[in-house]
Amino acid sequence: MQLPQPDPGRLALRPQLLHGLQEILRPDQVIHRPEDLAVYECDALSAYRQQPLAVALPESTGEVSALMRLCHQLGLPVVPWGAGTGLSGGALPLQDGLLLSLARLNRILDLDLANRTATVQPGVTNLSVTDAVRAQGFYYAPDPSSQIACTVGGNIAENSGGVHCLKYGTTNNNVLGIEVVLADGEVVRLGGKGLDQAGYDLLGLFTGSEGLLGIITEAVLRLLPRPEKARAMMAAFAGVEEAGQAVAAIIGAGMVPAGLEIMDRLSIEAVEAFMGAGYPRDVEALLLVELDGAASEVDHLIGTVESLLHQSGATEIRSARTEEERLRMWAGRKAAFPAMGRISPDYYCMDGTIPRRALPRVLGRIRELSIQHGLRVANVFHAGDGNLHPLILYDSNQPGELEKAEELGLEILRLCVEVGGVLSGEHGIGIEKQALMGDMFTAEDLEAQRRIKTALDPHWLLNPGKVYPVLHRCIEGGRAHVHQGDQRFAHLERF
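Numbering (this note's numbering), first residue to last: 681 to 1175.
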């Protein structure tokens, strides 16, 4: 994977940038020494690292706006930074640009329980929103595995999901409004506390835009009342394909569980070594199911789900008897990514989404690809909505293993698109999946998207070098031939 190359002319502007930062911010809000910048070299796609010109730590929308005006005047790119938990390289710094951290915009501004909304700044962590309203019987539905650390701003930028997104939706279903700073420093508001808004759905355009269109400085989130009852169970299977068939059977029966998650043998082994979640060992796959809602409804559906699990070949079924047991079941699933350190020096986390009907075929093919490339793959995914997270295990100390992992990852993502899926469910495209954009979109599709980007950011200063590949003028079979190159001036290409 080739990283965006710095522009020598922009590198020479570092003194002017530092002078401008010092006029806008206090000294403790500017990071510029190389040893301090090392903290910001990468996001969670840690195989790729490079330092920015400087890091700014604004504490208000006004300061963010002033910083964007400064960079607009200097012609310097800006990369928004949340908590650095992103897995696609979307927050990778640019060597000739400013990294704009939103960590200090971390206040909950308003809790309006009558309207069931929370207004927060982008640096508020995901779990903090639920913690703030838990005592009043409310919660914030999107719950990524990294929810203890990931921030609301990053969740909106990547349209994050979580284990309960099957029933309650991803971030875009739970954000009602945002305040955003555009590339030239203009501040605009989109949406609000109302359920309906006039005009184009610009809020939907910005949600999932990966920091390419604007910098979010405030968000209005939808709060939900905590369900009367929630029950979780786990079922063991002799194969991952059988677990996938059980998912199809449950959804086909007309039910929409709060969560449906699959873990294979490798991921189970890692979690048990890491935290001892109480998962059964020596099984090939584990399916976690949660039902919530009215107590009478949940009690009725539990029996139906158990019957379907047995019919699908479950060899063992356990139900959580207490709330503590239910939370422990989910804690194991949410710890799956960090738990991989127990069984492998490194892992490469993929993120593709497929139609549920394709689960058995795709899982079987991933096993074949794993054997072909000589790398183990641990499968952990949101089975209910088909969002796969294959974890490719490798050792970066072994020459060539990272490249093998990347090639295996590309083949898995191509497979997702081939069966009617998409390249990303919640991690974003970033730098990781750029080379595959031409597999999913036609040249005309990409040009339309790039025109929208150009309309809002004419000079491509916001997070350039991410998402969009350079497109050659040679189009084959209606698809754009793409390569990994310096994409910061991709909007100048025409067909």
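In this text, a Cβ means the ideal position worked out from N, Cα and C, and glycines have one as well.
- Query: How long is the line joining the alpha carbons of L1151 and L683, rounded to whole angstroms?
  - Reply: Caution applies to L1151, whose pLDDT of 43 falls short of 50 and renders its modelled position unreliable; the value that the coordinates give is listed next. Answer to the nearest angstrom: the Cα atoms are 16 Å apart.
- By how many angstroms is the C-alpha of Y959 removed from the C-alpha of M1020? 16 Å
- Message: By alpha-carbon positions, which one of L1039, M943 and G833 ends up nearest to A771?
- Response: G833
- Between G1064, D1119 and E1083, which lies nearest to L1093 when the distance is taken from Cα to Cα? D1119
- Item | Exposure label - D1031; buried when at least 16 CB within 10 Å | buried
- Beta-ladder partner(s) of I858, from DSSP: L870 and A899
- Item | Reduced DSSP category for N853 - H, G, I as helix; E, B as strand; rest coil | helix
- Task: Please determine, among G1101, R961, K909 and E1127, the residue with the shortest C-alpha to C-alpha distance to D944.
- Result: R961
- beta strand (DSSP E) segment containing W761, residue limits: V758 to W761
- Do you know how far the Cα of S740 is from the Cα of E1112? 31 Å
- Task: From the DSSP output, read off the bridge partner residues of R998.
- Result: M914
- Task: Measure how close the beta-carbons of G888 and C830 come, nearest whole angstrom, since I'm counting them as under 8 Å.
- Result: Incorrect: roughly 15 Å between the Cβ atoms, too far for contact.
- For my contact list, I895 and V861 are in at a C-beta cut-off of 8 Å; report their separation, rounded to the angstrom. 5 Å
- Task: Take P937 as the anchor and find which of T850, A923 and L971 has the nearest alpha-carbon.
- Result: L971
- Beta-bridge partners of I942, as assigned by DSSP: L967 and F1061
- Message: Please classify I1051 as buried or exposed, where buried requires at least 16 other C-beta atoms within 10 Å of its C-beta.
- Response: exposed
- Message: Between the alpha carbons of T799 and L780, how many angstroms are there, rounded?
- Response: 21 Å
- Assign R1153 to one of three DSSP states: helix, strand, or coil. The predicted model places R1153 with a pLDDT of 34, which falls under 50 and marks its position as unreliable, so this point remains unresolved.
- If we ignore side chains and look at the alpha-carbon of each, how far apart do V965 and W1010 end up? Residue identity check: residue 965 is Ala in the sequence provided, not Val. Using only the alpha carbons, I get a separation of about 15 Å.
- Pick out the complete alpha helix (DSSP H) segments inside the region 797-833, 4 residues or longer, and give them in chain order. 806-813
- Cβ-Cβ distance between A928 and L968 below 9 Å: no
- Message: I942 and G924 - do their beta-carbons sit closer together than 9 Å?
- Response: yes
- Query: Rounded to a whole number of angstroms, what is the C-alpha to C-alpha distance between S768 and S976?
  - Reply: 42 Å
- Message: Spatial neighbours of G657 within its chain, please: C-beta separation below 8 Å, excluding the five flanking residues on both sides.
- Response: No answer is possible for residue 657: it lies beyond the span of the chain, which begins at 681 and ends at 1175.
- Message: Distance check for L988 and I931, CA to CA, integer angstroms please.
- Response: 10 Å
- Could you have a look at G884 and say whether DSSP puts it in helix, strand or coil? helix
- Query: Would L747 be called buried (16 or more neighbouring beta carbons within 10 Å of its own) or exposed?
  - Reply: buried
- Message: Looking only at its chain, what residues have a beta carbon closer than 6 Å to the beta carbon of G1108, apart from the 5 residues adjacent to it on each side?
- Response: S768, G770, E838 and E890
- Item | Residue environment, A692, which counts as buried when at least 16 other CB atoms sit within 10 Å | exposed
- A1170 versus L893 - alpha carbon distance: With a pLDDT of 38 at A1170, under the threshold of 50, the predicted position of this residue should be treated as unreliable, and no value is reported.
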